[in-house]
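Numbering (UniProt numbering), first residue to last: 1 to 298.
Yeah, the Cβ is synthetic: ideal placement off N, Cα and C, and Gly gets one too.
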Amino acid sequence: MDIVNRIIAETLPLVPKPIVGYFSSRYIAGETIDDAVETTRRLNAQGACVTIDVLGEHIVHREEASTYAEHYLHILDVINAEKLDANISLKPTQMGLKLDRKFCLETIGKIAEKATGLNNFMCIDMEDNSCTEDTLWLYEQLKDSCSVGTVLQAYMRRSDADLDRLIPHQVNLRLCKGIYVEPYAIAYKDREIIRFNFLHLLERLLQSGCYVGIATHDEFLVWGALHLLKKLEVPKDRYEFQMLLGVEERLREILIRDGHKLRVYVPFGMHWHAYSVRRLKENPQIAGYVLHNLFKKN
Numbered sequence: 001m002d003i004v005n006r007i008i009a010e011t012l013p014l015v016p017k018p019i020v021g022y023f024s025s026r027y028i029a030g031e032t033i034d035d036a037v038e039t040t041r042r043l044n045a046q047g048a049c050v051t052i053d054v055l056g057e058h059i060v061h062r063e064e065a066s067t068y069a070e071h072y073l074h075i076l077d078v079i080n081a082e083k084l085d086a087n088i089s090l091k092p093t094q095m096g097l098k099l100d101r102k103f104c105l106e107t108i109g110k111i112a113e114k115a116t117g118l119n120n121f122m123c124i125d126m127e128d129n130s131c132t133e134d135t136l137w138l139y140e141q142l143k144d145s146c147s148v149g150t151v152l153q154a155y156m157r158r159s160d161a162d163l164d165r166l167i168p169h170q171v172n173l174r175l176c177k178g179i180y181v182e183p184y185a186i187a188y189k190d191r192e193i194i195r196f197n198f199l200h201l202l203e204r205l206l207q208s209g210c211y212v213g214i215a216t217h218d219e220f221l222v223w224g225a226l227h228l229l230k231k232l233e234v235p236k237d238r239y240e241f242q243m244l245l246g247v248e249e250r251l252r253e254i255l256i257r258d259g260h261k262l263r264v265y266v267p268f269g270m271h272w273h274a275y276s277v278r279r280l281k282e283n284p285q286i287a288g289y290v291l292h293n294l295f296k297k298n
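The structure is reproduced here in structure tokens:
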């Protein structure tokens with residue numbers, strides 16, 4: 001199956017854009033803010049909250065960062081005006097991290113300040129290992145004055161040590177497995193080790209009193225998380241589950257039905273094609289998962 005998934009992923013750049021769009025439409029809200037708002041309203045009506053992400057990263061000019069920042073400032077206004085149950089997530093490389101760290105902080109800081117002023121929240125997404133230290137630095141610069149959080153990836157060998165650094169700040173943290181392809185020296189490769197580390201990190205976070213976004217579609221980890229929540233008697237206002245748009249919708253419905261807060265990651269933007277192809281190439285198993293879900297009967 002891994003070979004089949006990889007073949008699917010590697011041939012995607014050769015596939016006509018409309019066909020990739022058909023594959024991706026379940027997982028991306030669309031190209032415009034109106035598309036994201038419509039998707040958010042639908043999810044809110046189903047009992048889910050949302051985090052909105054504008055697709056795009058690794059910019060090469062500061063003007064691009066400023067443009068993306070304006071998009072996010074507008075999104076915050078729309079969320080507020082439309083009374084949507086939604087916050088925002090953004091990638092540091094989209095805001096100029098690879099150009100200049102201080103410029104990135106200034107750009108992200110303006111968005112974080114606006115989110116805080118509107119009683120909203122901004123998550124600083126984690127990218128590949130070249131960004132990890134700077135992303136944690138960005139969070140540390142903003143945490144005392146703004147309503148912000150960040151992300152740790154369970155497959156990264158350094159994440160346990162990073163928790164030592166973050167827990168004293170009562171971090172609002174999204175915990176996920178991790179999606180970028182990393183060297184063995186940096187990241188765990190074995191699925192069961194990653195699962196074990198995910199639950200280990202989650203238990204540390206829950207015991208510390210931090211707010212946790214439990215971001216996984218792995219049913220084994222979902223039920224493992226539910227066991228920890230029950231064992232530790234964690235109040236429901238100290239955690240939420242998080243899932244990608246269009247993924248494991250039946251599991252999402254079960255969690256909502258059982259009274260757990262659940263947030264859906266809603267990406268949108270003009271760069272959906274490059275995003276789709278790159279993410280599927282980086283993670284061939286997702287290509288197979290998409291194909292499976294495309295034809296799966298609910």
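Please state whether DSSP places Ser159 in a helix, a strand or coil.
helix
Which residue marks the beginning of the alpha helix (DSSP H) containing Thr150, and which one marks its end?
Not the alpha helix (DSSP H): Thr150 falls in the beta strand (DSSP E), residues Val148 to Gln153.
Which listed residue (Cys146, Asn197 and Glu240) has its alpha carbon closest to that of Glu113:
Cys146
Are there 16 or more other CB atoms within 10 angstroms of the CB of Phe220, so buried, or fewer, so exposed?
exposed
To the nearest angstrom, report how far apart His217 and Arg252 are at their CA atoms.
9 Å
Tell me the DSSP bridge mates of Gln242?
Ala215 and Arg263
Burial state of Ser159, where buried means 16 or more other Cβ atoms lie within 10 Å
buried
Just to confirm, are Cys123 and Ile88 a CB contact at a threshold of 9 Å?
yes
With three or more C-beta pairs closer than 8 Å as the rule, is the stretch 138-155 touching the stretch 194-205?
yes
Counted within 10 angstroms of its Cβ, other Cβ atoms place Glu127 as buried (16 or more) or exposed:
Residue environment analysis places Glu127 among the buried positions, since at least 16 neighbouring C-beta atoms fall within 10 angstroms of its C-beta.
Does any CB atom of chain D fall closer than 9 Å to the CB of Tyr72?
In summary, chain D is missing from the structure at hand, where a single protein chain is found.
Which residues does DSSP pair with Val247 in a beta bridge?
Its beta-bridge partners do not exist; DSSP assigns none.
DSSP three-state call for Met126: helix, strand or coil?
Reduced to three states, the DSSP call for Met126 is coil.
Option nearest Glu233 by Cα separation, candidates Arg174, Ile254, Glu192 and Ser208:
Ser208
Are the CB atoms of Gly30 and Thr40 nearer to each other than 9 Å?
For Gly30 and Thr40, no; Cβs fall outside 9 Å.
Drop a sphere of 10 angstroms on the beta-carbon of Asn197, count the other beta-carbons inside from all chains shown, and report buried for 16 or more, exposed for fewer.
buried
Provide the residue span of the alpha helix (DSSP H) that contains Ala234, from first to last.
Checking the sequence, you will find Val at residue 234 rather than Ala. That residue, Val234, is in no alpha helix (DSSP H); it is neither H nor E in DSSP.
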